[in-house]
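Peer 1: Input: one structure, supplied below.
There are 2 protein chains.
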Amino acid sequence: MLDPVSRVRRFNRAVTSAVGALDHSFLGRGRPLGAARVLNAIGHGRSDVAEIRDYLGLDSGLMSRLLRSLEDEGVVETSAHEDDARRRVARLSRTGRREFAAYEALSNKQAEGFLAGHSQAEALLAAMDLIASALTRERIALDEMDPQGDEARYCLGEYYAELGRRFKQGFDVSLSRDPDAKDMRRPRGSFIVAMSDTLPIGCVGLKGTDHGYAEIKRLWVAPSARGLGLGKRLMEAAEDAARTLGIALLRLDTNSALPEAGRLYRSTGWREIPRFNDDPYPDLFFEKQIRS
Amino acid sequence: MLDPVSRVRRFNRAVTSAVGALDHSFLGRGRPLGAARVLNAIGHGRSDVAEIRDYLGLDSGLMSRLLRSLEDEGVVETSAHEDDARRRVARLSRTGRREFAAYEALSNKQAEGFLAGHSQAEALLAAMDLIASALTRERIALDEMDPQGDEARYCLGEYYAELGRRFKQGFDVSLSRDPDAKDMRRPRGSFIVAMSDTLPIGCVGLKGTDHGYAEIKRLWVAPSARGLGLGKRLMEAAEDAARTLGIALLRLDTNSALPEAGRLYRSTGWREIPRFNDDPYPDLFFEKQIRS
DNA sequence: AGATATATCTGACTAAAGTCAGGTATATGC
DNA sequence: GCATATACCTGACTTTAGTCAGATATATCT
Numbered sequence: 019m020l021d022p023v024s025r026v027r028r029f030n031r032a033v034t035s036a037v038g039a040l041d042h043s044f045l046g047r048g049r050p051l052g053a054a055r056v057l058n059a060i061g062h063g064r065s066d067v068a069e070i071r072d073y074l075g076l077d078s079g080l081m082s083r084l085l086r087s088l089e090d091e092g093v094v095e096t097s098a099h100e101d102d103a104r105r106r107v108a109r110l111s112r113t114g115r116r117e118f119a120a121y122e123a124l125s126n127k128q129a130e131g132f133l134a135g136h137s138q139a140e141a142l143l144a145a146m147d148l149i150a151s152a153l154t155r156e157r158i159a160l161d162e163m164d165p166q167g168d169e170a171r172y173c174l175g176e177y178y179a180e181l182g183r184r185f186k187q188g189f190d191v192s193l194s195r196d197p198d199a200k201d202m203r204r205p206r207g208s209f210i211v212a213m214s215d216t217l218p219i220g221c222v223g224l225k226g227t228d229h230g231y232a233e234i235k236r237l238w239v240a241p242s243a244r245g246l247g248l249g250k251r252l253m254e255a256a257e258d259a260a261r262t263l264g265i266a267l268l269r270l271d272t273n274s275a276l277p278e279a280g281r282l283y284r285s286t287g288w289r290e291i292p293r294f295n296d297d298p299y300p301d302l303f304f305e306k307q308i309r310s
Numbered sequence: 019m020l021d022p023v024s025r026v027r028r029f030n031r032a033v034t035s036a037v038g039a040l041d042h043s044f045l046g047r048g049r050p051l052g053a054a055r056v057l058n059a060i061g062h063g064r065s066d067v068a069e070i071r072d073y074l075g076l077d078s079g080l081m082s083r084l085l086r087s088l089e090d091e092g093v094v095e096t097s098a099h100e101d102d103a104r105r106r107v108a109r110l111s112r113t114g115r116r117e118f119a120a121y122e123a124l125s126n127k128q129a130e131g132f133l134a135g136h137s138q139a140e141a142l143l144a145a146m147d148l149i150a151s152a153l154t155r156e157r158i159a160l161d162e163m164d165p166q167g168d169e170a171r172y173c174l175g176e177y178y179a180e181l182g183r184r185f186k187q188g189f190d191v192s193l194s195r196d197p198d199a200k201d202m203r204r205p206r207g208s209f210i211v212a213m214s215d216t217l218p219i220g221c222v223g224l225k226g227t228d229h230g231y232a233e234i235k236r237l238w239v240a241p242s243a244r245g246l247g248l249g250k251r252l253m254e255a256a257e258d259a260a261r262t263l264g265i266a267l268l269r270l271d272t273n274s275a276l277p278e279a280g281r282l283y284r285s286t287g288w289r290e291i292p293r294f295n296d297d298p299y300p301d302l303f304f305e306k307q308i309r310s
């Protein structure tokens with residue numbers, strides 16, 4: 019009753035029945051599950067018919083009919099795609115939005131029901147984040163984003179909070195050499211966010227300088243996403259970005275209070291160098307020559 | 019992107035697609051999902067047709083037909099129930115066992131795939147245990163069991179291990195007043211195990227004495243099941259058992275290194291009394307008068 | 001022994017999901 | 001401009017799931 023595989027399978031059984039219960043509650047709105055799924059996909063912002071079909075794994079004939087039934091019902095409207103008249107674009111009508119809201123309410127209610135009655139909701143949420151990240155690890159997307167966008171700001175906030183927890187003396191951004199957003203945008207640099215579904219779970223910045231090298235800054239991986247090799251993927255993405263920008267030499271600074279970061283750098287071709295800036299926080303400095 | 023409900027829903031999406039993938043892999047064996055589920059239920063030891071029907075939520079007509087199709091296929095054999103000729107009992111044939119093993123292999127493979135490639139498998143498993151316990155909390159069954167059975171021994175092992183971690187001086191059962199199993203069996207006492215699915219997740223012992231009272235011993239709740247109010251339920255079950263045994267006075271000892279236990283006792287009608295034994299580990303002693 | 005309850009089975013349906021082979025309109029490559 | 005590819009639609013069909021009303025055999029209660 020203890021081996022890892024049976025623990026995973028106990029989890030599977032528990033979760034299968036919970037998922038089934040939600041599906042069942044969806045049927046209560048008088049629409050078959052297939053149609054409900056399409057409506058919800060549209061409600062969640064998927065407008066392109068082919069995209070929905072792909073997301074839900076539907077045959078094109080079936081998709082077409084489901085869409086038609088939703089149109090006949092008056093909850094969905096379709097039109098030709100702006101740039102390509104073969105493609106169709108779907109959106110919710112006014113009543114469609116109302117129906118979608120009702121499904122959302124059902125989903126939210128079951129989510130709340132799950133949390134209610136558990137006195138350690140935060141532990142439960144952390145466990146769910148961990149599992150969701152692990153399950154979707156193949157679909158974690160690394161996207162170049164604006165360093166001042168919502169996703170980036172969220173990651174940086176979490177990053178600073180974590181440094182505050184892990185540095186004995188705490189962490190105050192204003193005392194650190196906070197990189198200028200402009201230096202982490204093309205053409206000087208880059209900022210990459212790892213997205214799992216709709217949740218940012220990691221980031222890294224490539225900061226251009228005028229000294230013949232670029233710096234890696236703000237490498238962060240959400241606690242729930244650790245153990246998936248995401249740090250390494252982010253660093254590789256940053257190096258790729260550097261290559262496309264014609265940068266051949268990278269530097270970074272870090273702190274010995276973050277041993278997993280140091281291990282990552284040492285194991286991926288970085289070599290330690292003397293201090294190259296006067297930031298008060300870092301105590302370790304690395305450099306890597308990258309081949310194009 | 020941070021509120022609890024959307025975190026739960028992200029988890030739901032991740033898990034729904036994983037569950038769907040497993041179902042899909044089951045279809046690869048050329049049998050509809052409904053029939054595959056019945057076959058697997060039988061393989062997992064459910065033999066009574068009514069029990070399977072109840073477990074899978076099937077209509078009796080549908081169940082009958084699925085069973086028939088499995089029989090025609092030669093994977094399942096049925097016979098009348100020994101004690102009640104109306105009921106049917108199903109079991110796997112030789113080829114049925116082979117098919118079941120193939121489904122098991124698929125399930126195990128996906129479970130292993132989930133764990134593989136994650137460098138912190140133990141954290142992942144702990145998270146899954148936590149969620150599985152929370153999801154199945156309505157179905158946690160409290161069963162009176164033999165204090166020397168597998169389930170009880172597993173619980174006690176975990177209990178001792180936890181005391182070893184939490185007591186500064188460690189914990190050695192042989193130094194403690196280890197209750198005689200006989201005293202925790204009817205008619206002198208009782209031993210109750212909380213089962214979630216097939217996993218023991220908590221226990222409590224009621225130990226009869228010759229001094230006009232019984233003792234509560236070995237109250238344990240698995241880390242993954244904390245926060246669900248299981249400790250309280252176990253204590254209530256122990257008190258109920260005491261009532262059926264005609265016991266009116268209960269005592270217990272505990273240690274201040276287990277503050278959550280002390281809180282539970284104080285909030286449920288127990289009052290502190292002076293030391294009533296010479297066990298070296300406890301430093302707190304309680305008593306409760308129970309009404310029948 | 002007779003009334004009633006229970007467990008399963010059968011027949012007759014319906015609804016939902018899924019498959020497949022064309023068909024139409026539009027886009028793209030040369 | 002023509003061949004080819006793409007995106008979606010339609011018709012015809014099959015399979016799976018699920019429902020419901022009896023029928024049959026057996027058990028249980030009084």
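Protein sequences, first through last, are from chains L and C.
As numbered in the numbering used here, residues 19 to 310 make up the first sequence, in order.
As numbered in the numbering used here, residues 19 to 310 make up the second sequence, in order.
All residues carry an ideal CB built from backbone N, CA and C; glycine is no exception.
Computed from a predicted structure; not experimentally measured.
(1) Return the first residue and the last residue of the alpha helix (DSSP H) that C/ILE70 is part of.
(2) So is L/HIS311 buried or exposed if we call it buried at 16+ other beta carbons inside 10 Å?
(3) Among C/ILE291, C/GLN307, C/ARG309 and C/ILE308, which one has its Cα closest to the Cα of C/ASP301?
(4) If we define contact as Cβ-Cβ less than 8 Å, is C/MET146 a contact residue for chain L?
(5) L/ARG49: which of L/ASP161, L/LEU142 and L/GLU117 sits nearest, CA to CA?
(6) Is the separation between the beta-carbon of C/VAL67 and that of L/VAL37 shorter than 8 Å?
(7) Looking at L/ILE60: is its Cβ nearer than 8 Å to the Cβ of L/ALA108?
(8) Hey, does L/GLU245 have any beta-carbon neighbour from chain C nearer than 8 Å?
(9) Given a cut-off of 8 Å on the beta-carbon distance, is the pair C/HIS136 and L/ALA240 in contact?
(10) Counting C-beta neighbours from all protein chains within 10 Å, is the total for L/GLU169 16 or more, i.e. buried, or is it exposed?
(11) Assign C/GLY188 to one of two classes, buried (16 or more other C-beta atoms within 10 Å of its C-beta) or exposed (fewer than that).
(12) Could you check whether C/LEU224 and C/SER208 sit closer than 8 Å to each other, using their CB atoms as the reference points?
(13) With which residues is C/LYS225 paired in a DSSP beta bridge?
(14) Strictly below 9 Å CB to CB, what residues from chain L border C/ALA119?
(15) Less than 8 Å between CB atoms is the rule here; does L/ASP215 satisfy it with respect to chain C?
(16) With a CB to CB cut of under 8 Å and the five nearest residues on each side skipped, what residues in its chain are close to L/ALA120?
(17) If I measure Cβ to Cβ from L/MET81 and keep anything under 6 Å in the same chain, skipping five residues before and after, which residues do I get?
(18) Would you decide whether C/LEU193 is buried or exposed? Buried here means 16 or more other CB atoms lie within 10 Å of its CB.
(19) Tell me C/PHE209's beta-bridge partners as DSSP assigns them.
(20) Taking C-beta pairs closer than 8 Å, name the residues in chain C that L/GLN138 reaches, listed in chain order.
(21) Given a limit of 8 Å on CB to CB distance, which residues of the region 28 to 44 of chain L reach chain C?
(22) Say whether chain L places a C-beta atom closer than 8 Å to the C-beta of C/ARG25.
(23) With three or more C-beta pairs closer than 8 Å as the rule, is the region 96 to 113 of chain C touching the region 171 to 184 of chain C?
(24) On a Cα-Cα basis, can you pick out the residue from L/PHE29, L/ASP77 and L/ASN30 that is closest to L/GLY52?
(25) Mind checking if C/THR262 is an interface residue toward chain L, Cβ cutoff 8 Å exclusive?
(26) For the region 142 to 175 of chain C, which residues have a beta carbon sitting closer than 7 Å to at least one beta carbon of chain L?
(27) Could you pull the DSSP bridge partners for L/TRP238 from this structure?
(28) Considering only C-alpha positions, which residue in the set C/GLY247, C/GLU233 and C/LEU252 is nearest to L/GLN138?
(29) Assuming L/THR262 is part of the beta strand (DSSP E), what are its boundary residues?
(30) Does the pairing of the region 247 to 266 of chain C with the region 196 to 210 of chain C give three or more beta-carbon distances under 8 Å?
(31) Extract the residue ranges of the beta strand (DSSP E) inside the region 39 to 98 of chain C, only unbroken runs of 3 or more that lie entirely within it.
(32) Give me whichever residues DSSP pairs with C/PHE303 in a beta bridge.
(33) Please go through the same chain and pick out, in chain order, the residues whose beta-carbon is closer than 8 Å to the beta-carbon of C/ILE308, but skip the five residues on each side of it.
(34) Taking buried to mean at least 16 other C-beta atoms within 10 Å of its own C-beta, is C/PRO298 buried or exposed?
Peer 2: Considering the structure as presented:
(1) 67 to 74
(2) Chain L is shown from 19 up to 310; residue 311 of chain L falls before or after that span and cannot be answered.
(3) C/ILE291
(4) yes
(5) L/GLU117
(6) no
(7) yes
(8) First, the residue type needs correcting, since residue 245 of chain L is Gly and not Glu in the sequence shown. Yes, its Cβ sits closer than 8 Å to a Cβ of chain C.
(9) no
(10) buried
(11) exposed
(12) yes
(13) C/GLU233
(14) None at all; the shortest Cβ gap to chain L is about 14 Å.
(15) yes
(16) ARG47
(17) ARG71
(18) exposed
(19) C/GLY223
(20) ARG244 and GLY245
(21) ARG28, PHE29, ASN30, ARG31, ALA32, VAL33, THR34, SER35, ALA36, VAL37 and LEU40
(22) yes
(23) no
(24) L/ASP77
(25) no
(26) LEU142, LEU143, ALA145, MET146, ASP147, LEU148, ILE149, ALA150, ALA152, LEU153, THR154 and TYR172
(27) L/CYS221
(28) C/GLY247
(29) Counting along the chain, L/THR262 falls outside any beta strand (DSSP E), though it belongs to the alpha helix (DSSP H) covering 248 to 262.
(30) yes
(31) 94 to 98
(32) C/ASP271
(33) GLU257, ALA260, ARG261, ILE265, ALA266, LEU267 and LEU268
(34) exposed
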